[in-house]
Structures are given as C-alpha cells and as structure tokens.
Amino acid sequence: MRRTILLVLFAACAPKAPPPPPWKTSQLAVEGPWPKCEGVVPGTLAARAEVADWAAVALNQLPADHPWTMIYDVTLAAPAPNGVSDAPPAVEDYQSSDNSGLFSSLYLASQAFRYATTHEAAALANVQRVLRGLELYMRVTGVPGLFTREVRDSVTPGFLCPDDPDAYFWPPERNRNAWVKIGEDGCGTIWDGVAWQTIDACPGAEFAGLCWKRNTSRDEYSGDMFALAVVAKLVDDPLVQATVKTLARAAGDHLIAHAYAISDADGLPTRYGHTFAFSFAHFPGFLAMQALAWTETAMRVGASDEIAAYYDACLLQKKGKKSCIDQPIERDSPMSYKEHMQTLPIALGSCLTNYDNVSMAALAYFESMFLEPDAAVRAETRALVEKGLRTDQGHDVREELNAFLNVIAAAAGERHDGAAETMVRDAACALAAMPAMRTQRSVANDDVAEICVSPRHGSIGATVRPIERRCENLFVWWRNPRARDHCDADARVVMQPTGYLLPYWMGRYFRFFAADD
C-alpha cells in the first residue's frame, strides 16, 4: 500500500513571532523565583523540559521519514533512557488512543508557545509536522470539517491498521469507535458482518492504505480548536497560517451546517458530538461555552465574515430573537448562548466532577480569552467561568495541583494578585514533582480511604494525591486528582510528555516561569 504524501513541505523559514496579547504585561506579580516545593524531582524545570522536548520527538512521534505525525504513548524494545540519548531504544508499539488528535493538538499548542518564547527552529519544525498530522485528521474522513479520533497506516511497524474485520463494524447504537479503511479507489470501506461495503466518504486515492476512527467526540474538537487558536496567534509562518485558517473555517462550517452536532461519514451525529445547548449532553452552559469558543475560533482564525455574522445573529442573538439552530427546543426558543452560560457548573464536588469536562472547559475558556480583543467581553466571560470552577462546599479545581488548569486560570484571569501567585506556585510545584522521562511508575493508594466511586474516575479518596502518587497516563491533568490510582512500573512504556510541556511552555510564554527556573 502506498503511504500518504500530504501537501508540499512547509517552508523552513523562521519569521518573527507576533507581539504578546494586550493583557500580557512584563511586571506580573506572579513572576518567580519560586520557593522550594515538597516532593520534587531533582533538576530545574527547564532541564526537565529539555528532556521532555527531546523524548516527544525521538520516542513519542512516528519516524522522521514519515511526512506527518501525531504524538503517542509508546512501548519501547528496551527500558527508556534516563535522559537525552543518541541511541534510544526502538519503538515496538505506538499505542492506540480514542482521542489521539486531542492530545496531539495539546502538544501542537505547546510547541507554538515554545516557538513564541524561544524562536527555536526545532519548535517551528514540530509545529509544522504535527499540524500536517492534524490536517490529515480532517482530510482523511472525506467529510468537510470533520476531524477523526485517530489515523493509522498499513506500512509502519507498530502502527498498523487493525487486521480484524470486526474492528470496522459500525454498531447501529454507536457505542463503539469503529474504524474505516481507505481502499485503493480512495473511498472508505466498512465491514457489515458479512462483507466489505463502500461508504459515501471518499477522501481520495492518496489516502489508500490508511484507516481512521469514527464517532468523533467533543473532547477531540476541544483540543483541535484550542490548538488552531494558539497556533494562529503565535506562529507567523505563511503556510502554517494558511493551514490553520482552512481547518478552522471548515470546522466552523461543519458545526453550523450540522446544527452543532458533529456528524459522521454517514451524516448522522456522533454519540458524544452534540454541543448545542439544549441537547442535554451536558449542562446547557457548558455546551454553550464550547459552541461559542469553537465558533469564535472559526470566525477569527478562519477569517470568515459568514461565520462572524452567524455568531452575532444566532449564538449571541444580537439582532433580536432569531431561530438558527435546527434542533429540538432551540428552533422554537432561541436565546443567546451567553445567557446559557449564566449557569455554568464545572466543579461539582470530589465525586461528581468529571475532569474530562473540567479540562474541556479550561481549553474553551482560554481559547475565548486568547482570541477576544475586547477587554470588557473578556471580563464578562471570566466572571461567568470562574464562578463555575468552585462549589458551594468550597471545592475549587484551581487548588488541586493541576499545572495545566492553573496556568490557564492565571493567564486567562489576567490577575496580578495573591490568588494568581498561589495558582502559579502550585503549578510550578506540580511540574517540579514530575519526572523528565515519563515511564510508567508503580503507584498504590491502598492506604487512602475510599469516600465514593466516581462514574468516570473510579475509586476516590478525600484528599488530592501528590503527583508521585498518580499513575502516568496520556495527560495526567485530565484525571480526578483524588483518584486512588493503582499501576505497575514498566520502564519500557513511555507516556507522551504533553502533560509537562503544555503548562511549562505556556508558563514560560506568560512569564510565570523563567528560563533558569
């Protein structure tokens, strides 16, 4: 089978990075130096980032001769090195993920922040190559504006498409994320239980031999749209800019055309793709927040006057009551999505909070704040979001050693006070407790009493677990920090380091961390 060859390589120029946003100052009260933290791993934050940046390319990406890549947890042929190595072990398996695009997009954003901070050619090269992967994730579906969950091929060892036909069977209830295989004619094929069937989604013969995973969720779009917003603001490379503009506009057009229900190759909504406010897939305020953020990215990054007009007239109802979203309740009772956000519960207590949703809300929050030029509008959004980050019982997700959330909250909050300093100090301490090489470590929390069982996160204890008592996973901040994790050490399994790199390089860009911290 042929390996897909995407677009010509991006130009290797290194343009001047754009100026910082108007609310980034040079005299933030949250600047270091930081006090010593408990339970830290030896070494500076910068030294740890150097190893993580190396591992992300040398271990967690596809081989350099691949024209595109995303970022993966991997199993190596031998134990991982302790740091940068000229001869790292070979990769035996690039582990599959139902949201490969989401976490790869977070890595893509980390490299955009790195580039804007350091102007390193290596950071720009990482942006270019992973952005080609994200472009593939949309083009391969054959559906304009639809990102897939994951792509594999038929030639790369450890990265092969499934060989079991049942993996390509689409259950009618959509409770499984089945695969689609691209045939020699460039059209998708699926297994009906008896024979292979061609579907009406034909990205082209250049994609023959690839397979992609259907049933894309809001999680996937939350990372992809966030990355497009960040890259558009920070990476002033002409071809990069052209690509993010095309992807953002196509994603916005897809959402509007399908009435804010991400729709699959058969034209039907995916199981977890509803983001119109009255879909009741989540609280209306949460769904409205995502819809607003993604549409704002589509109109600003995509430079679309049509999407901008829709955003004002339909999502904000600026010209009076107008029925735009052809969905139950919404078509007959349209209202501004900012009104929905008046009720925005994100933190629901230790046992009820779904940290998938916390993380998605954080991405949408930052996305909106980063792109919005009007300080008054940012202040309105901030007031709506920040009250949703805490409960009446005092549970506040910004007090849980979550470096990712805390850096976002401090930056988007535009705060120069003690609260911001506490959030950034906690973020710095959380990063200082993370190892440079993210191999799976042995963790047991049997000594922690269980207070409840979360439907999403399993057995929960009463207190936030220290970083060293949390299992390594795709993105450690996506889990409940009170989870009573259990895992066994495996020095051959190396988790992709985005959980370190995104908050670190965001913190460097916003001057929360210095180069020598």
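By the count of our numbering, the sequence shown reaches residue 1576 at its end, each step adding exactly one. Built from N, CA and C at the ideal position, the CB exists for glycine as well. All values derive from a computational prediction rather than experimental measurement.
Is Trp1564 helix, strand or coil when you go by DSSP? Trp1564 falls in the helix class under three-state DSSP.
If you check the beta carbons only, do Val1210 and Val1199 fall under 7 angstroms apart? For Val1210 and Val1199, yes; Cβs fall inside 7 angstroms.
Under 7 angstroms between C-beta atoms of Leu1167 and Ala1288: Annotated as distal: Leu1167 and Ala1288, with beta-carbon spacing of 7 angstroms or more.
Can you tell me which residues form a DSSP beta bridge with Tyr1153? Paired residue(s): Val1133.
Under 8 angstroms by Cβ, that's how I've got Thr1557 and Phe1534 pegged, so tell me the actual separation to the nearest angstrom. With a Cβ gap of about 6 angstroms, Thr1557 and Phe1534 count as contacting.
What's the gap between the Cα of Glu1426 and the Cα of Thr1356? In this model, Glu1426 and Thr1356 are separated by some 7 angstroms (Cα to Cα).
Judging by CA-CA distance, which residue of Phe1206, Pro1328, Ala1468 and Ala1442 is the nearest neighbour of Ser1418? Considering only alpha carbons, the answer is Ala1468.
Runs of beta strand (DSSP E) wholly within the region 1275-1351 (minimum 3 residues, chain order): Entirely contained in the region 1275-1351, the beta strand (DSSP E) runs reaching 3 residues are, in chain order, 1320-1322 and 1328-1333.
Residue range of the unbroken alpha helix (DSSP H) whose run includes Lys1397: Note, Lys1397: alpha helix (DSSP H), Tyr1396 to His1399.
Taking the beta carbon of Asp1323 as the centre, do at least 16 other beta carbons fall within 10 Å, making it buried, or is it exposed? With 16 or more neighbouring CB atoms inside 10 Å of its own CB, Asp1323 falls in the buried class.
Might you give, ordered along the chain, the residues of its own chain that have their beta carbon closer than 7 angstroms to the beta carbon of Trp1537, omitting 5 neighbours on each side? These residues qualify, in order along the chain: Tyr1414, Asp1415 and Ser1418.
Pro1216 to Gln1154 span [Cα, whole Å]: One Cα belongs to Pro1216, the other to Gln1154, and the distance between them is close to 12 angstroms.
Checking 7 angstroms against the spacing of the C-beta atoms, do Ala1368 and Lys1381 come in under that value? No, the pair does not count as a contact, with Cβ atoms beyond the cut-off.
Can you check DSSP and say which residues form a bridge with Val1552? Answer is Thr1134, bridged to Val1552.
The region 1233-1243 in contact with the region 1301-1314 per 3-pair CB rule at 8 angstroms: Because the criterion of three Cβ pairs below 8 angstroms is not met, the region 1233-1243 and the region 1301-1314 do not touch.
Throw me the rounded Cβ distance for the Val1507 and Gly1517 pair, which I believe falls under 8 angstroms. Between Gly1517 and Val1507 the Cβ distance is about 13 angstroms, and since that is not below 8 angstroms, they are no contact.
Applying the criterion that 16 or more other CB atoms from any shown protein chain within 10 Å of the CB defines a buried residue, is Trp1127 buried or exposed? The residue in question, Trp1127, is buried, as its Cβ has 16 or more Cβ neighbours within 10 Å.
Determine the DSSP secondary structure at Asp1456, reduced to helix, strand or coil. In the sequence as displayed, the identity of residue 1456 is Val instead of Asp. It is helical.
Tell me whether the region 1393-1408 and the region 1338-1353 touch, counting them as touching only if at least three CB pairs, one residue from each stretch, are closer than 8 angstroms. With a cut-off of 8 angstroms, the region 1338-1353 and the region 1393-1408 count as touching, because enough Cβ pairs lie within range.
Assigned secondary structure, Glu1426 (DSSP; H/G/I helix, E/B strand, else coil): In the three-state DSSP reduction, Glu1426 falls in the helix class (H, G or I).
Does the Cβ of Gly1098 have 16 or more other Cβ atoms within 10 Å, making it buried, or fewer, making it exposed? Burial call: exposed.
Do the region 1376-1396 and the region 1325-1344 touch if we need at least three Cβ pairs shorter than 8 angstroms? In this structure the region 1376-1396 touches the region 1325-1344; the number of beta carbon pairs closer than 8 angstroms is three or more.
Whole-angstrom distance between Gly1311 and Asp1364, CA atom to CA atom: Taking the straight line from one Cα to the other gives about 12 angstroms.
Since Ile1241 sits in a beta bridge, which residues does DSSP pair it with? Gly1247, per the DSSP bridge assignment.
Just to confirm the assignment, what range does the alpha helix (DSSP H) spanning Thr1481 have? Element bounds for Thr1481: Gly1477 to Ala1491.
Of the choices Thr1275, Tyr1331, Ala1423 and Leu1430, whose alpha-carbon is the least far from that of Leu1165? From the listed residues Thr1275, Tyr1331, Ala1423 and Leu1430, the smallest Cα separation to Leu1165 is found for Ala1423.
At least 3 beta-carbon pairs within less than 8 angstroms: the region 1169-1183 vs the region 1244-1252: Using a C-beta cut-off of 8 angstroms, the region 1169-1183 makes no contact with the region 1244-1252, since fewer than three inter-stretch Cβ pairs fall below that distance.
Using the beta-carbon count (16 or more within 10 Å), is Phe1339 buried or exposed? Exposure of Phe1339 is indicated by the presence of fewer than 16 other C-beta atoms within 10 angstroms of its C-beta.
Taking the alpha helix (DSSP H) that Thr1177 falls in, what are its first and last residues? Per DSSP, the continuous alpha helix (DSSP H) segment holding Thr1177 begins and ends at Ser1159 to Thr1177.
Assign Ala1434 to one of two classes, buried (16 or more other C-beta atoms within 10 Å of its C-beta) or exposed (fewer than that). Answer is exposed; the Cβ neighbour count stays below 16.
Whether or not the region 1108-1126 and the region 1215-1234 are in contact is what I'm after, with contact meaning three or more pairs of Cβ atoms, one per stretch, closer than 8 angstroms; do they touch? Contact between the region 1215-1234 and the region 1108-1126 is established, with three or more Cβ pairs separated by less than 8 angstroms.
Between the CA atoms of Asn1539 and Thr1498 - distance to the nearest angstrom: Spanning the alpha carbons of Thr1498 and Asn1539 requires a straight line of approximately 20 angstroms.
Val1456, buried or exposed, once every other Cβ within 10 Å from all chains shown has been counted against 16: The residue in question, Val1456, is buried, as its Cβ has 16 or more Cβ neighbours within 10 Å.
Pairs of beta-carbons, one from the region 1225-1239 and one from the region 1265-1277, closer than 8 angstroms: are there three or more? Yes, they touch.
Nearest-angstrom beta carbon gap, Gly1472 and Glu1439 [assumed within contact, 8 angstroms]: 13 angstroms between Cβ atoms; not a contact.
List the endpoints of the continuous beta strand (DSSP E) containing Glu1509. Glu1509: member of the beta strand (DSSP E) spanning Glu1509 to Ser1513, first to last residue.
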